[in-house]
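Let me begin by presenting the structure, written as structure tokens, before commenting on it.
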Amino acid sequence: MRTQVGIIGAGPAGLLLSRLLTLQGIDSVVLENRSRSYVEARIRAGILEQHSVDTLTAAGLGDRLHREGLEHRGIYLQYTGTRHKLDFPELCGRTVWVYGQTEVVKDLIAAQLDGGPPLLFEVSDVTPEDVDTDSPRIRFTDADGVPQVLGCDVIAGTDGFHGVSRPVVTERTEGRLWERTYPYAWLGVLADVAPSTDELIYAWHPDGFALHSMRSPSVSRLYLQVDPAEKIEEWSDDRIWTALATRFSLDGWELETGPITEKSVLPMRSFVSAPMRHRRLFLAGDAAHIVPPTGAKGLNLALADVTLLATALVRLLRERQTDLVDDYSDRALARVWRCTHFSWWMTSMLHRSGDDFDAELQLSQLRRVCSSEAAARELAENYTGLPIDD
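Just so you know, we're using my numbering here: the sequence shown kicks off at 1 and counts up by one.
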């Protein structure tokens, strides 16, 4: 087999990269070790920044997003009986959209399979080779158990933290890893009940953080701060709804409840790997960085990575110019660290550590954001996503 760009991983990063390259006349093949049904069912992020919506729309993937997605013009910050709305268009002229990562992936797969480049599911034994040369290749075993070799000009590793791509880059570049594990986790639930709010609620509470989000006009997505060692079996539906009602409690407002259809405990950590490139192997998305979900940056960072990478690869493969691929890692990492800082800041401001001194600092910061236009604008600009200069 032969192509220009071999892409390892059919998450949103790999699929969007293939789509963007296709629109510029660059061939690719996407390899994925899971089944299509598994990939389309993974519950992940649900907030799309303005640049993500614009990129997907320009790539011809905006029809269902604009039809079924929910545009949001702000968020609520809540603490000690106060709920304050940040109006994003007023503060920075941008909005965000609620549209689950599962839906983004479904749209990308449908476009890929509708006359797009090859997308191979359930492959195994994936191994990048010869990445130090101008003719790298990927060895793998296809779904029928047949060994294959994919020759290409470039390999893109979009296969996540546990994938095969990142170790190749870090081992051959003596790269550096930064990691921070947070002392709390999120208990996340999906519930068949209409959202009780028009915008997302980020709530600070003495018992711990809570977030009210949504997936559709009839499905709510809610989160509770819990200890990472919590057992999901110990959280009955009644216990979850009681904790949520307590943490969102506000005079004149009531939390609607309904059947919980999915629940899980999500550990929280920050991780950055540098560089994001070694010769003809490039990393994007979770293969290079992970952020806590508080700032809604994980999916959006992955889409930003491949927007930069697609432009760089087109310049390399069509014009034989290396300037953009040479700059890719530094430019991508600059954005990664900005988003990593914002995610850390939001997480630190809203999650209880058990220390009363820290709690007073958090409340001081929340009051500042809710009373200062400059502070509110800083949050809004980062939350809705800084523009991509690609």
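The C-beta atom is built at its ideal place from N, Cα and C for all residues, glycine as well.
Model, not experiment: these values are computed from the prediction.
Gln-4 lies in the alpha helix (DSSP H); which residues open and close that run?
-> Element bounds for Gln-4: n/a, residue is neither H nor E.
Assigned secondary structure, Val-146 (DSSP; H/G/I helix, E/B strand, else coil) | coil
Residues sharing a beta bridge with Thr-181, DSSP = Arg-269
If we call anything under 8 Å between Cβ atoms a contact, is Thr-294 one with Thr-55?
-> no
From the DSSP output, in three-state form, read off Ala-156 for me.
-> strand
Pick helix, strand or coil for Ile-47, following the three-state DSSP scheme.
-> strand
What is the rounded straight-line gap between the Cα of Val-98 and the Cα of Glu-199?
-> 10 Å
DSSP three-state call for Arg-221: helix, strand or coil?
-> strand
Three-way DSSP call (helix, strand, coil) for Gly-100 in this model | coil
Rounded separation between Arg-469 and Cys-152 - CA only | With the chain covering only 1 through 390, there is no way to say anything about residue 469.
Ignore the nearest five residues each way along the sequence and tell me which others in Leu-190's own chain have a CB closer than 8 Å to its CB.
-> Ile-43, Arg-215, Val-219, Ser-220, Arg-221, Ile-260, Thr-261, Glu-262 and Lys-263
May I have the straight-line CA-CA distance separating Gln-4 from Val-336, to the nearest angstrom?
-> 27 Å
Taking Cβ to Cβ, would you say Leu-17 is nearer than 8 Å to Leu-309?
-> yes
Answer yes or no: do Leu-266 and Trp-186 have a C-beta to C-beta separation smaller than 8 Å?
-> yes
Beta strand (DSSP E) segments (min. 3 residues) lying fully within the region 312–363 | none
Nearest-angstrom Cα distance between Tyr-223 and Tyr-184?
-> 12 Å
When we look at the beta-carbon of Gly-157 and count the other beta-carbons within 10 Å, is it buried (16 or more) or exposed?
-> buried
Give the straight-line distance between the Cα atoms of Phe-271 and Arg-137, rounded to the nearest whole angstrom.
-> 28 Å
Between which two residues does the beta strand (DSSP E) harbouring His-212 extend?
-> 210–216
Determine the extent of the beta strand (DSSP E) in which Thr-141 is found, giving its start and end residues.
-> 137–141
Would you kindly work out how many angstroms separate the C-alpha atoms of Ala-59 and Ile-232, rounded to a whole number?
-> 39 Å
Compute the beta-carbon to beta-carbon distance between Glu-196 and Glu-103, rounded to the nearest angstrom, for a pair I have assumed lies under 8 Å.
-> The amino acid at residue 196 is misidentified as Glu; the sequence shows Ser. Contact flag wrong, Cβ pair sits at about 22 Å.
Through-space distance from His-205 to Asp-142, alpha-carbon basis = 50 Å
Which of helix, strand or coil does DSSP assign to Ile-109?
-> helix
Per DSSP, what kind of secondary structure is Asp-238 in: helix, strand or coil?
-> helix
Between which two residues does the alpha helix (DSSP H) containing Pro-12 stretch?
-> 12–23
Ala-191 in three-state terms, based on DSSP = strand
C-beta contact flag for Pro-89 and Tyr-182 at 8 Å = no
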